[in-house]
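If you count the sequence shown from 1, position 180 lands on 184 in the numbering used here, and the numbers rise without skipping. The beta carbon of each residue, even a glycine, is placed where N, CA and C say it ideally should be.
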Amino acid sequence: MTTTEQPVSGAVSTARPGRLLAAAQLAASLGDGAFLTCSVLYFTRVVGLTAGQVGLGLTLAWAVGSVAGVPLGHLADRRGARGAGVLLSVATALAIAAFLVAGSAWTFALAACCYATGQCGLTAVRQALLAALAEPRQRTRIRAHLQSAGNAGLAIGAGLGGLALLAGTPAAYVAAFSLDAVAFLVSAVLLRLVPFAPPAALPLPRERGSATAVLRDRPYVLVTLLNAILLLRMPLLSVAIPLWIVSRTAAPEWTVSALFVLNTVVVVLGQVRVATRVTGLRSASRLMRRSGVLLAASCGAFALSAAGSSAWVAVAVLVAGALLQVLGEMLQSAGTWEIGFDLAPAARQGQYQGFFGTGTSVARMAGPALLTTVVVQWGTPGWLLVGTGFVAAGWAMGPAVRWAGRRG
Numbered sequence: 005m006t007t008t009e010q011p012v013s014g015a016v017s018t019a020r021p022g023r024l025l026a027a028a029q030l031a032a033s034l035g036d037g038a039f040l041t042c043s044v045l046y047f048t049r050v051v052g053l054t055a056g057q058v059g060l061g062l063t064l065a066w067a068v069g070s071v072a073g074v075p076l077g078h079l080a081d082r083r084g085a086r087g088a089g090v091l092l093s094v095a096t097a098l099a100i101a102a103f104l105v106a107g108s109a110w111t112f113a114l115a116a117c118c119y120a121t122g123q124c125g126l127t128a129v130r131q132a133l134l135a136a137l138a139e140p141r142q143r144t145r146i147r148a149h150l151q152s153a154g155n156a157g158l159a160i161g162a163g164l165g166g167l168a169l170l171a172g173t174p175a176a177y178v179a180a181f182s183l184d185a186v187a188f189l190v191s192a193v194l195l196r197l198v199p200f201a202p203p204a205a206l207p208l209p210r211e212r213g214s215a216t217a218v219l220r221d222r223p224y225v226l227v228t229l230l231n232a233i234l235l236l237r238m239p240l241l242s243v244a245i246p247l248w249i250v251s252r253t254a255a256p257e258w259t260v261s262a263l264f265v266l267n268t269v270v271v272v273l274g275q276v277r278v279a280t281r282v283t284g285l286r287s288a289s290r291l292m293r294r295s296g297v298l299l300a301a302s303c304g305a306f307a308l309s310a311a312g313s314s315a316w317v318a319v320a321v322l323v324a325g326a327l328l329q330v331l332g333e334m335l336q337s338a339g340t341w342e343i344g345f346d347l348a349p350a351a352r353q354g355q356y357q358g359f360f361g362t363g364t365s366v367a368r369m370a371g372p373a374l375l376t377t378v379v380v381q382w383g384t385p386g387w388l389l390v391g392t393g394f395v396a397a398g399w400a401m402g403p404a405v406r407w408a409g410r411r412g
C-alpha cells in the first residue's frame, strides 16, 4: 500500500471526508444541470437529430446503464470504491466530450450508452464508498447532505444552462457541454482526495456467480422493484406534469419552471431534516408508507388543477400538488437510502447498490411513455391509477423489508 492510500476504519466522523463527498456530488450535479437543460435542443437543433432518434438513443442508453450498474458495483467491491469512482468520473467526462463530435444517430447512441453507463456506475460506486467510510447509523444522514448538495448543483447548473439556451448559438451549447465534462473531472479529483477504503474481502473470492449474487436475493429484488414504482415520481415531475400543465390546465407555461425551482429549494432546505427521522429499518418503512400516501395526494391535486378556467387557481392547485409531491419525495429518499444500505451485505455493497440503482434507470426508461399515456391522455382516471400505485408500493415496502430482514 502506498503512503497516499491510508485505509480508514470506522465512520466518517470527521468533517473532511463528508465535505469531499458533498463537493464531488455538487460538482457533478452542477455540470449535469447545465447539460440536461440544453442537451435535447443541442442534439435536435445543432446536430440535426430528430426527437425520435434522441428518445430512442436515450432509452437504449439507460437500458445499457442499468445493466452495467451491477458488474461495475461488483468491481468496486473487489478493487476499491474510491478508484472505481475516479475512473468512472473521468469516463463520464470523456462520454460528454464525445457528444460534441457525434454527428449521426448511431454515434449519438454510442456516446449516450457510455454516458449512462458512467452515471449508473457512479451512483453505485458513490453509495459503496459511503458505506465503506461511514458507520451504518450515519449513512442516511450523510446521504441526505449529499442529496442537498446535488440538488443545489442542479439548480446552479440549470441556471447556467439557461444562459446557453438564451444565447441559442452552437458555441453556447458547446460551452455548456464543456462545463459538464470539466465538472466531472473536478469530481474525479475530489473523489481521489477521499480517504482510501480497502476493497471488501468476500468469504469466497472465486465463488461461482458471486458477481451476480444480488439477482438471486429475491427479497432485495422485490424491494428494488417497489422502490422503482415510487421513483416514477421523477418522470412525473420532469415529463408528465409539464405536458399536463400546457395541455390540460389554464396555468401559464412559466409554471413548469416555477415548480422545478420549488422542488429544488425545498429539497435543499428540508432533506437533511427529514433524514434525521430515520433510525432503522422500521422507521424507514414507516416513511415509505407515508411517502406513498403523500405522492398519491399530490396526484389528486394535479388532477384537480385541470378543473376551471382560472389561471391563478390552477397555479395555486399545482403548487399545492408540488409541495405534497416534494414532501413525499423527501420521505421516500430518506427511507430508500436506509433500506438500500441496511439490507445489503457488507462485502457486496457496490454490487447491491448497483442493482438498487436500476430502479432509477427503469423509471427514466419506462416512466415518460407510461405516464404520458396514463396521465396526459387518460386525465383524472390516470392520476387516480398512478396514485393508487404509489400507495400500494409504499405500503408493500414494510412486508418486503421484513422478509428481506429474515432472509439471512
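Between the region 312-322 and the region 247-266, the count of Cβ pairs shorter than 8 Å is three or higher; the stretches touch. Residue 87 and residue 173 have their C-alpha atoms spaced approximately 38 Å apart. The way I'd put it, the region 349-360 doesn't touch the region 288-295; fewer than three beta-carbon pairs between them come closer than 8 Å. Under the 8 Å Cβ criterion, the region 103-119 does not count as touching the region 220-237, having fewer than three qualifying pairs.
Of all alpha-carbon atoms in 85, 382, 388, 369, the one lying nearest the alpha-carbon of residue 71 is that of 369.
Residue 92 sits close to residue 126, with the two beta carbons spaced by under 8 Å.
Burial is judged here by how many other beta carbons sit within 10 angstroms of a residue's own beta carbon; residue 330 has at least 16 and is buried.
Rounded to the nearest angstrom, the Cβ distance from residue 181 to residue 306 is 33 Å, too far for a contact under 8 Å. Distance from residue 271 to residue 144 at the Cβ level is roughly 15 Å; contact not present, criterion being Cβ atoms closer than 8 Å. When the alpha-carbon of residue 34 is set against those of 287, 189, 402, the nearest one is in 189. The beta carbon of residue 287 sits closer than 7 Å to those of 281, all from its chain and outside the five residues before and after it, given in chain order.
Where residue 309 is concerned, there is no enclosing alpha helix (DSSP H), because DSSP gives it neither an H nor an E. The way I'd put it, the region 235-249 does touch the region 368-382; three or more beta-carbon pairs between them come closer than 8 Å. Spatial neighbours of residue 268 in its own chain (CB-CB distance under 7 Å, excluding positions within 5 residues in sequence) are listed in chain order as 155, 158, 159. Each of 37, 28, 279 was checked against the Cα of residue 264, and the nearest Cα belongs to 37. Annotation for residue 123: the continuous alpha helix (DSSP H) segment containing it runs 109-137.
From the listed residues 170, 400, 262, 277, the smallest Cα separation to residue 319 is found for 262. Nearest to residue 85 by C-alpha distance, out of 381, 400, 353, is 353. It is roughly 11 Å from the alpha-carbon of residue 399 to the alpha-carbon of residue 231.
The beta carbon of residue 46 lies closer than 6 Å to those of 177 in the same chain, with the five residues before and after it left out. Here residue 90 is near residue 196, since their CB atoms are less than 8 Å apart. Taken atom to atom, the span from the alpha-carbon of residue 300 to that of residue 379 is near 13 Å. Rounded to the nearest whole angstrom, the C-alpha separation of residue 327 and residue 334 is 11 Å. Residue 285 and residue 344 have their alpha carbons spaced roughly 10 Å apart.
Residue 98 carries a helical assignment under DSSP once its states are collapsed to helix, strand and coil. Sixteen is the threshold: when 16 or more other Cβ atoms of the shown chains lie within 10 Å of the Cβ of residue 342, as they do, the residue is buried. By the 16-neighbour rule on beta-carbons within 10 angstroms, residue 52 is exposed. When only Cα atoms are considered, residue 192 and residue 133 end up about 13 Å apart.
Ranked by how close their Cα comes to the Cα of residue 367, the residues 41, 241, 122 have 241 in first place.
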